[in-house]
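Chemist: Numbering (full-length UniProt numbering), first residue to last: 1 to 509.
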Ligand SMILES: Cc1cc2nc3c(=O)[nH]c(=O)nc-3n(C[C@H](O)[C@H](O)[C@H](O)COP(=O)(O)OP(=O)(O)OC[C@H]3O[C@@H](n4cnc5c(N)ncnc54)[C@H](O)[C@@H]3O)c2cc1C
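#1: So which of 179, 382, 43 and 318 has the shortest CA-CA distance to residue 135?
#2: Which one of 73, 358 and 42 has the shortest CA to CA distance from residue 372?
#3: Excluding the 5 residues preceding and the 5 following residue 132 in the sequence, name in chain order all residues of the same chain whose CB lies nearer than 7 Å to its CB.
#4: Within the present structure, is the beta-carbon of residue 85 separated from the nearest heavy atom of ligand 1 by less than 6 Å?
#5: Shortest alpha-carbon distance to residue 241 belongs to which of 476, 60, 345 and 216?
#6: I'd like the list of long-range same chain contacts for residue 294, defined as Cβ closer than 8 Å, with 5 residues on each side in sequence excluded.
#7: Following a CB-centred definition, is residue 462 positioned closer than 6 Å to any heavy atom of ligand 1?
#8: Between 448, 408 and 390, which lies nearest to residue 422 when the distance is taken from Cα to Cα?
#9: In this structure, how does DSSP classify residue 118 when only helix, strand and coil are distinguished?
#10: Take residue 57 and list the residues in its own chain whose beta-carbon comes closer than 6 Å to its own, dropping the five residues that flank it on each side.
#11: First and last residue of the alpha helix (DSSP H) that includes residue 172?
#12: With DSSP run on the structure shown, which of helix, strand or coil describes residue 92?
#13: Please report the distance separating the alpha-carbon of residue 460 from that of residue 262.
#14: Closer than 6 Å: is that where the CB of residue 251 sits relative to any heavy atom of ligand 1?
#15: Are three or more beta carbon pairs between the stretch 260 to 277 and the stretch 330 to 344 nearer than 8 Å?
#16: Using only the alpha-carbon positions, how far apart do residue 221 and residue 194 sit?
#17: Taking the Cβ atom as the reference point for each residue, do residue 490 and residue 101 lie within a distance shorter than 7 Å?
#18: If you follow the beta strand (DSSP E) that residue 430 is in, where does it begin and where does it stop?
#19: Can you grab the Cα-Cα spacing for the pair residue 271 / residue 264, in whole Å?
#20: DSSP three-state call for residue 324: helix, strand or coil?
#21: Say yes only if the C-beta of residue 454 is nearer than 6 Å to one or more non-hydrogen atoms of ligand 1, and no if none qualify.
#22: Taking the continuous alpha helix (DSSP H) assigned at residue 231, which residues delimit it?
#23: Decide if residue 407 is buried, meaning its Cβ has at least 16 other Cβ atoms within 10 Å, or exposed.
#24: I want to check one thing, is the minimum distance from the CB of residue 285 to the heavy atoms of ligand 1 below 6 Å?
#25: DSSP state of residue 285, grouped into three classes?
#26: Pull up the distance between the alpha-carbon of residue 316 and that of residue 96, whole angstroms please.
#27: When the Cα atoms are used, what is the spatial distance from residue 320 to residue 68?
#28: Give the DSSP bridge partners of residue 493, in chain order.
#29: Determine the direct distance from the alpha carbon of residue 369 to that of residue 492, and round the result to whole angstroms.
#30: Say whether the stretch 431 to 451 touches the stretch 249 to 263, bearing in mind that this needs 3 or more beta-carbon pairs closer than 8 Å, one atom from each stretch.
#31: Who are the near neighbours of residue 130 in its chain, counting only those whose CB is closer than 8 Å to its CB and skipping five residues on each side?
#32: Report, in whole angstroms, the separation of the C-beta atoms of residue 48 and residue 72, which I expect to be a contact under 8 Å.
#33: Between residue 50 and ligand 1, is the CB less than 6 Å from at least one heavy atom?
#34: With the cut-off set at 7 Å, would you say residue 468 and residue 458 are in Cβ contact?
#35: Would you be able to state if there are at least three C-beta pairs under 8 Å between the stretch 115 to 124 and the stretch 187 to 207?
Pasting the structure below:
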């Protein structure tokens with residue numbers, strides 16, 4: 001591991017630890033920095049998910065960080081093969097949807113940018129090669145909340161960052177349709193791959209499994225899915241190949257600090273790491289380390305995996321992804337004879353009293369030790385999913401792929417996977433407003449994987465105080481709102497506020 005220095009590089013300011021970004025910053029090029037940025041001589045990144053690894057790679061490519069030692073620490077077990085990234089991280093799975101199909105045009109455009117990389121498949125080392133990315137198309141649907149009016153052409157969708165209105169799944173689908181049409185408008189070949197599916201029968205025909213879902217939707221054949229596990233392995237390889245990043249397996253128990261400056265992290269076992277800049281990118285675990293002022297919290301999401309035969313693989317392998325934004329239920333085409341069914345929901349809360357309190361919001365405050373924390377099969381090998389979630393997955397299978405032979409087939413494996421959820425589903429990528437030398441990159445809200453090729457660069461921009469203009473006001477640390485947090489971007493199914501412990505206490509599968 002490269003040695004980390006404990007000297008601070010960013011001087012304290014009279015009123016606020018950090019100067020805020022200025023309007024002038026937004027006009028700077030994405031790889032330059034605002035004048036208020038001074039590169040640290042060492043950075044410690046906590047978490048090797050898509051945010052942490054992506055940022056490490058981006059920093060190695062920036063001149064400002066040429067002399068900066070970069071270390072990634074993750075709670076993964078070093079004695080296990082493939083300790084990085086951690087197997088229960090949100091970023092590791094068989095598949096993740098890659099879609100520009102967003103109600104918010106800023107994220108739609110960001111995915112459009114990412115897909116340039118995902119589509120590179122000529123060389124085995126290209127991101128999209130070797131089955132890491134497959135463009136099977138995506139059907140986006142919503143359930144009717146009122147009679148479905150005929151949809152008009154692409155609408156101009158504008159979103160004031162701080163004034164998002166609560167959307168229904170159908171609203172989300174309609175805005176998303178407008179956005180992807182707008183993105184494809186200059187390219188007839190792309191535009192003709194997006195088609196409205198005005199009723200359940202049209203959805204059934206496009207899906208091709210005999211099933212359907214929703215009242216209205218569209219198919220975007222420019223979207224697809226990525227093999228998350230192999231894509232993360234690819235990203236890890238890119239980072240290792242730079243020779244610039246040190247990896248350390250260990251669980252961070254708390255952040256080290258003096259009066260108002262974060263100076264490093266303490267690992268389980270007592271080892272202390274020091275760095276000029278500490279970036280917490282610990283996904284759904286972030287709230288265990290830093291009091292996030294109620295801006296983001298860990299929610300558990302259900303997944304079911306079913307083994308299928310080679311014949312079934314042949315039958316279903318070419319189906320498009322289908323995502324119902326009203327129920328949150330989705331199915332990604334099977335690969336290697338495994339079919340995955342999942343739910344993008346409000347999710348389960350798992351409030352626990354931590355042995356060590358997270359870093360408080362202000363140095364003089366004490367933080368709440370009770371926060372929602374992930375429970376995964378790595379820490380709880382016998383963990384199953386609540387019956388409520390399993391029943392929803394089963395209903396999705398019957399609706400979307402009504403093959404009689406799959407109807408009662410048990411799931412081979414289930415998983416609880418954890419989001420760091422924010423109210424608006426915007427990420428939280430910013431310097432801490434009250435602690436010097438602390439940066440957070442979290443709040444993934446269950447949709448960040450697709451940005452693997454580009455998110456690290458955007459985070460690096462934010463570290464250099466050049467948040468991309470379209471995300472200003474979205475990714476900022478917004479301060480405390482301690483009312484119950486439910487993600488209301490219009491894409492979530494399930495019931496809000498379910499307790500994991502209560503639901504597991506009911507009948508499980
Ligand atoms: C069920 C499910 C389905 C999803 N589907 C999609 C999809 O279709 N498309 C899409 O784009 N996105 C999807 N996502 C979201 C996407 O996977 C996440 O947004 C993304 O992976 C989050 O990355 P991350 O780096 O923030 O967190 P993670 O990948 O969870 O990484 C956090 C890392 O921090 C480490 N860590 C935590 N605490 C500590 C500690 N104390 N000390 C040291 N290390 C620590 C963890 O071990 C982990 O490796 C889905 C997520 C889930 C759960």
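Beta carbons: idealized from backbone N, C-alpha and C, even for Gly.
Modeler: In this structure, then:
#1: One-based indexing of the chain shown puts residue 135 at position 135. The shortest Cα separation from residue 135 among 179, 382, 43 and 318 belongs to 318.
#2: In the chain shown, the residue the question calls residue 372 occupies position 372. That would be 358, whose Cα lies nearest to the Cα of residue 372.
#3: For the purposes of this step, residue 132 is taken as residue 132 along the chain shown, with counting starting at 1. Excluding residues within five positions, the ones whose Cβ falls inside 7 Å are 226, 227, 230, 231 and 234.
#4: As a first step, residue 85 must be located in the chain shown, where it is residue number 85. Residue 85 Cβ: within cutoff of ligand 1.
#5: The sequence position of residue 241 within the chain shown is 241, counting from 1. Ranking 476, 60, 345 and 216 by Cα distance to residue 241 puts 60 first.
#6: Taking the chain shown and counting its residues from 1, one reaches residue 294 at position 294. 480, 481, 482, 483 and 485, listed in sequence order.
#7: Numbered from its first residue, the chain shown carries residue 462 at position 462. Incorrect: residue 462 has no Cβ contact closer than 6 Å to ligand 1.
#8: For this step, residue 422 is matched to residue 422 along the chain shown. Closest by alpha carbon: 448.
#9: The count along the chain shown starts at 1 and reaches residue 118 at position 118. Helix.
#10: As a first step, residue 57 is located in the chain shown; it is residue number 57 there, counting from the start. Excluding residues within five positions, the ones whose Cβ falls inside 6 Å are 238, 239 and 456.
#11: The residue labelled residue 172 in the question sits at position 172 within the chain shown. Segment 169 to 184, the alpha helix (DSSP H) holding residue 172.
#12: As a position in the chain shown, residue 92 is number 92, starting the count at 1. Coil at residue 92, not helix or strand.
#13: Stepping through the chain shown from its first residue, residue 460 is reached at position 460. Stepping through the chain shown from its first residue, residue 262 is reached at position 262. When rounded, the distance between both Cα atoms is 19 Å.
#14: In the chain shown, counting from the first residue as 1, residue 251 sits at position 251. Residue 251 Cβ: within cutoff of ligand 1.
#15: no
#16: Working through the chain shown from its first residue, we reach residue 221 at position 221. Working through the chain shown from its first residue, we reach residue 194 at position 194. If you draw a straight line from the Cα of residue 221 to the Cα of residue 194, it is about 6 Å long.
#17: If you number the chain shown from 1, residue 490 lands on position 490. If you number the chain shown from 1, residue 101 lands on position 101. Not in contact: residue 490 and residue 101 (Cβ atoms no closer than 7 Å).
#18: For this step, residue 430 is matched to residue 430 along the chain shown. 428 to 431 is the span of the beta strand (DSSP E), which, as asked, contains residue 430.
#19: In the chain shown, the residue the question calls residue 271 occupies position 271. In the chain shown, the residue the question calls residue 264 occupies position 264. Their Cα atoms are separated by approximately 11 Å.
#20: Walking along the chain shown from the start, residue 324 turns up at place 324. Three-state DSSP puts residue 324 in a strand.
#21: In the chain shown, residue 454 corresponds to position 454, counting from 1. Residue 454: no, Cβ never under 6 Å from ligand 1.
#22: Within the chain shown, residue 231 is the residue found at index 231, counting from 1. First-last of the alpha helix (DSSP H) with residue 231: 228 to 241.
#23: For the purposes of this step, residue 407 is taken as the residue at position 407 of the chain shown. Exposed is the call here.
#24: Within the chain shown, the letter at position 285 stands for residue 285. Within the cutoff, so yes.
#25: Working through the chain shown from its first residue, we reach residue 285 at position 285. Here residue 285 sits in helix by DSSP.
#26: In the chain shown, residue 316 corresponds to position 316, counting from 1. In the chain shown, residue 96 corresponds to position 96, counting from 1. Between residue 316 and residue 96, the C-alpha separation is close to 17 Å.
#27: Stepping through the chain shown from its first residue, residue 320 is reached at position 320. Stepping through the chain shown from its first residue, residue 68 is reached at position 68. Approximately 44 Å between the Cα atoms of the pair.
#28: Taking the first residue of the chain shown as 1, we reach residue 493 at position 493. Residue 493 pairs with 345.
#29: Here residue 492 refers to the residue found at position 492 of the chain shown. Here residue 369 refers to the residue found at position 369 of the chain shown. For residue 492 and residue 369, the distance between alpha carbons rounds to 28 Å.
#30: Contact holds: three or more Cβ-Cβ distances are below 8 Å.
#31: Position 130 of the chain shown, counted from the first residue, corresponds to residue 130. Closer than 8 Å at the Cβ level, and outside the excluded window around residue 130, lie 124 and 230.
#32: Reading the chain shown from its first residue, position 48 is the one you call residue 48. Reading the chain shown from its first residue, position 72 is the one you call residue 72. Going by Cβ atoms, the distance from residue 48 to residue 72 rounds to 5 Å, so yes, they are a contact pair.
#33: Within the chain shown, numbered from 1, the residue matching residue 50 stands at position 50. Yes; taking the cut-off as 6 Å, the Cβ of residue 50 has a heavy atom of ligand 1 nearer than that.
#34: Position 468 of the chain shown, counting from 1, holds the residue named residue 468. Position 458 of the chain shown, counting from 1, holds the residue named residue 458. Yes, they are a contact pair.
#35: no
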